[in-house]
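**Q**
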Amino acid sequence: MRSTLRTALLVTALVLPAVAVLGVYALSSAPRQPEVPERVRVVHTSTETPPPPPSPQRSPASPNTSKPPSRAPAPPEDDDRDDEDGLGPPAPDDDRDDDEE
1 MRSTLRTALL VTALVLPAVA VLGVYALSSA PRQPEVPERV RVVHTSTETP PPPPSPQRSP
61 ASPNTSKPPS RAPAPPEDDD RDDEDGLGPP APDDDRDDDE E
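In structure tokens, the structure reads:
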């Protein structure tokens with residue numbers, strides 16, 4: 001009995017606000033669609049031709065746009081002298097004595 005009463009109160013609490021909102025909306029005299037002023041309305045008739053599209057506005061050319069874009073330089077060829085860490089060829093040893101053979 002107690003759970004039935006609790007369920008009825010829960011259903012009433014959920015349904016009553018929805019019914020109230022829908023009732024107020026149905027009884028109100030507010031227009032269903034917003035009113036659009038005459039000067040804003042666009043009306044096309046079969047005898048009326050649409051206005052031509054606006055001409056595109058060209059911006060003044062900058063001095064750099066007259067030349068075609070330059071190509072990026074080609075990457076350097078893979079050099080076999082490069083060591084594994086990518087820092088270039090190892091430096092020669094200057095401490096060696098060429099007299100010792």
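The opening residue of the sequence shown carries number 1 in the UniProt record's numbering; numbering runs sequentially from there. Every residue gets a Cβ at the ideal spot worked out from N, C-alpha and C, and that includes glycine.
1) Helix, strand or coil: which one does DSSP assign to V21?
2) Going straight from the alpha carbon of M12 to that of T4, what length do you get?
3) To the nearest angstrom, how far is it from the Cα of L9 to the Cα of V19?
**A** So, from the listed chains and residues:
1) Your numbering for residue 21 matches position 21 in the sequence shown. Of the three classes helix, strand and coil, the one that applies to V21 here is helix, per DSSP.
2) The residue you call residue 12 lines up with position 12 of the sequence shown. The residue you call residue 4 lines up with position 4 of the sequence shown. Sequence check: residue 12 is Thr here, not Met. Using only the alpha carbons, I get a separation of about 12 Å.
3) Translated into positions along the sequence shown, residue 9 becomes position 9. Translated into positions along the sequence shown, residue 19 becomes position 19. So the alpha carbons of these two residues sit roughly 15 Å apart.
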